[in-house]
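*Asks:* Numbering of the sequence shown is given in our numbering, commencing with residue 1 and proceeding in unit increments. Here it is, the structure in full.
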Amino acid sequence: IDGNLYITRYGKGTVVKMTPEGTILQEIPVLGARPSNLCFGGPDGCTVYVTEVEFQRLVSFRVDRPGRAWQAFQNRR
1 IDGNLYITRY
11 GKGTVVKMTP
21 EGTILQEIPV
31 LGARPSNLCF
41 GGPDGCTVYV
51 TEVEFQRLVS
61 FRVDRPGRAW
71 QAFQNRR
């Protein structure tokens, strides 16, 4: 989103929103220590789904803008 990255932090139990320069803008807890992957989805692309392997569940949170890959997929439809 706007060049920023959302990155899972396996072992820490968070997802970080990071600038291309490496500055952490936000850190979001995911209710388990082992988030492994994430993707953008939902009807507006503003829901982030995170797989969490410690408790074997899917966690989600909302963001203010859809992800780039989600937008590109929607533009192809």
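Every residue gets a Cβ at the ideal spot worked out from N, C-alpha and C, and that includes glycine.
Beta-carbon within less than 8 Å of CYS46's beta-carbon, same chain only, minus the 5 sequence neighbours each way: which residues are those?
*Replies:* Counting from 1 along the sequence shown, the entry for residue 46 is found at position 46. Taken in chain order, the residues that qualify are PHE40, ARG62, VAL63, ASP64, ARG65, PRO66.
*Asks:* So GLN71 is in the alpha helix (DSSP H); what residue range does that whole segment cover?
*Replies:* Taking the sequence shown and counting its residues from 1, one reaches residue 71 at position 71. In this chain, the alpha helix (DSSP H) harbouring GLN71 covers 68–76.
*Asks:* I believe LEU38 touches VAL48 by the beta-carbon criterion, under 8 Å. Please report the beta-carbon distance rounded to the nearest angstrom.
*Replies:* The residue given as residue 38 occupies position 38 in the sequence shown. The residue given as residue 48 occupies position 48 in the sequence shown. Their Cβ separation, rounded to whole angstroms, is 6 Å, which keeps LEU38 and VAL48 in contact under 8 Å.
*Asks:* Jot down the residue ranges of each uninterrupted beta strand (DSSP E) in the segment 4–30, minimum 3 residues, whole runs only, in chain order.
*Replies:* 5–9, 14–18, 24–29
*Asks:* Is it buried or exposed, THR8, if we count other Cβ atoms within 10 angstroms and call 16 or more buried?
*Replies:* Indexing the sequence shown from 1 puts residue 8 at position 8. THR8 comes out buried.
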